[in-house]
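**Q**
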Amino acid sequence: MKDATLANWAYAEQLKAEGYTGRAALYEKFTNNKGRLNYTIEKNGTVFICINNAAQEITADQLKWLKGELEKTKSARHVFVLSHYPIDPSFGNMVPEDKGAVETRKLLAEYKVAGYLFGHRHGYGYRVIDGIPHIMSQDLAWGDTLSYLVYHVFPDRFVVGWKPLVREAFATPVYERVVFPEPRFRK
1 MKDATLANWA YAEQLKAEGY TGRAALYEKF TNNKGRLNYT IEKNGTVFIC
51 INNAAQEITA DQLKWLKGEL EKTKSARHVF VLSHYPIDPS FGNMVPEDKG
101 AVETRKLLAE YKVAGYLFGH RHGYGYRVID GIPHIMSQDL AWGDTLSYLV
151 YHVFPDRFVV GWKPLVREAF ATPVYERVVF PEPRFRK
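Going by UniProt numbering, the residue at position 181 of the sequence shown is 181; the numbering climbs one at a time, nothing skipped.
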């Protein structure tokens with residue numbers, strides 16, 4: 001039997017030879033997103049802005065990029081910002097206040113994004129902060145309660161459905177639905 005570790009190192013060397021290095025090498029190669037860990041996707045009038053805060057910070061360059069992307073979305077029906085870490089202290093273990101969290105929250109409120117979607121904490125929860133829903137997704141791979149979220153986007157609102165895959169002693173609901181009004185259409 002071949003040593004899988006040696007094969008992994010050989011593949012890592014191949015990636016390196018092709019110019020893919022660092023923690024995101026596999027992501028960059030297989031998504032054809034070399035050097036683009038922050039990106040924007042538009043689908044049917046809904047914009048998803050993905051910002052990489054895996055280092056538990058949002059840099060000045062990322063804030064500038066985010067503001068530029070948000071500026072382009074003024075006519076979009078819905079705008080969601082997605083990232084890994086929370087940016088508000090109420091969720092804990094977050095991007096620190098002095099590492100871009102405060103500035104990011106201000107931008108989300110200024111541009112009235114529909115929601116800030118994140119994970120990291122391996123729990124489900126949500127809070128409305130400065131008029132913007134911050135929605136924490138659980139996960140499918142770790143912890144006692146595995147779950148996923150389903151988003152239904154309507155012209156004036158979006159609905160988040162939380163669906164646990166395992167119910168602990170029937171204390172967990174079969175399904176939870178939360179309705180958030182679209183901030184851009186609120187008076």
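Think of the CB as a built atom: it goes at the ideal place given N, C-alpha and C, for glycine as much as any other residue.
I need the straight-line Cα distance from glycine 123 to glutamine 14, nearest angstrom please.
**A** In the sequence shown, residue 123 corresponds to position 123, counting from 1. In the sequence shown, residue 14 corresponds to position 14, counting from 1. Straight-line Cα distance between these residues: approximately 37 Å.
**Q** For alanine 114, count neighbouring C-beta atoms within 10 Å of its own C-beta (all shown protein chains included) and say buried if the count is 16 or more, exposed if not.
**A** Locating residue 114 in the sequence shown gives position 114, counting from the first residue. Answer is buried; the Cβ neighbour count reaches 16.
**Q** Please report the distance separating the alpha-carbon of phenylalanine 48 from that of glutamate 42.
**A** The sequence position of residue 48 within the sequence shown is 48, counting from 1. The sequence position of residue 42 within the sequence shown is 42, counting from 1. Going by the C-alpha atoms only, they are around 6 Å apart.
**Q** Pull up the distance between the alpha-carbon of serine 137 and that of histidine 120, whole angstroms please.
**A** For the purposes of this step, residue 137 is identified with residue 137 of the sequence shown, where counting begins at 1. For the purposes of this step, residue 120 is identified with residue 120 of the sequence shown, where counting begins at 1. So the alpha carbons of these two residues sit roughly 8 Å apart.
**Q** May I ask you to report which of helix, strand or coil DSSP gives valine 174?
**A** Your numbering for residue 174 matches position 174 in the sequence shown. Looking at valine 174 - three-state DSSP - the assignment turns out to be coil, as it is neither helix nor strand.
**Q** Rounding to the nearest angstrom, what Cα-Cα distance links glycine 45 and alanine 25 in this structure?
**A** Stepping through the sequence shown from its first residue, residue 45 is reached at position 45. Stepping through the sequence shown from its first residue, residue 25 is reached at position 25. C-alpha separation (whole angstroms): 31 Å.
**Q** Going by CA-CA distance only, name the one from Ile87, Val178, Thr21, Pro86 that's closest to residue 192.
**A** With the chain covering only 1 through 187, there is no way to say anything about residue 192.
**Q** Could you tell me whether the Cβ atoms of glutamine 62 and valine 95 are closer together than 8 Å?
**A** In the sequence shown, the residue the question calls residue 62 occupies position 62. In the sequence shown, the residue the question calls residue 95 occupies position 95. No, they are not a contact pair.
**Q** Please go through the region 42-87 and give each complete beta strand (DSSP E) segment of 3 or more residues, from N-terminal end onward.
**A** Listed in chain order, the complete beta strand (DSSP E) runs (minimum 3 residues) inside the region 42-87 are 46-50, 78-82.
**Q** Taking the C-alpha atoms as reference points, what is the distance between isoleucine 51 and phenylalanine 80?
**A** One-based indexing of the sequence shown puts residue 51 at position 51. One-based indexing of the sequence shown puts residue 80 at position 80. If I take the Cα positions, the gap works out to 11 Å.
**Q** Considering valine 150, what are the terminal residues of the beta strand (DSSP E) in which it resides?
**A** One-based indexing of the sequence shown puts residue 150 at position 150. From DSSP, the beta strand (DSSP E) with valine 150 extends over 147-154.
**Q** Does chain B have any CB closer than 8 Å to the CB of leucine 140?
**A** In summary, chain B is missing from the structure at hand, where a single protein chain is found.
**Q** Throw me the rounded Cβ distance for the asparagine 53 and histidine 84 pair, which I believe falls under 8 Å.
**A** Mapped onto the sequence shown, residue 53 falls at position 53. Mapped onto the sequence shown, residue 84 falls at position 84. The pair is a contact, with the Cβ atoms about 6 Å apart (cut-off 8 Å).
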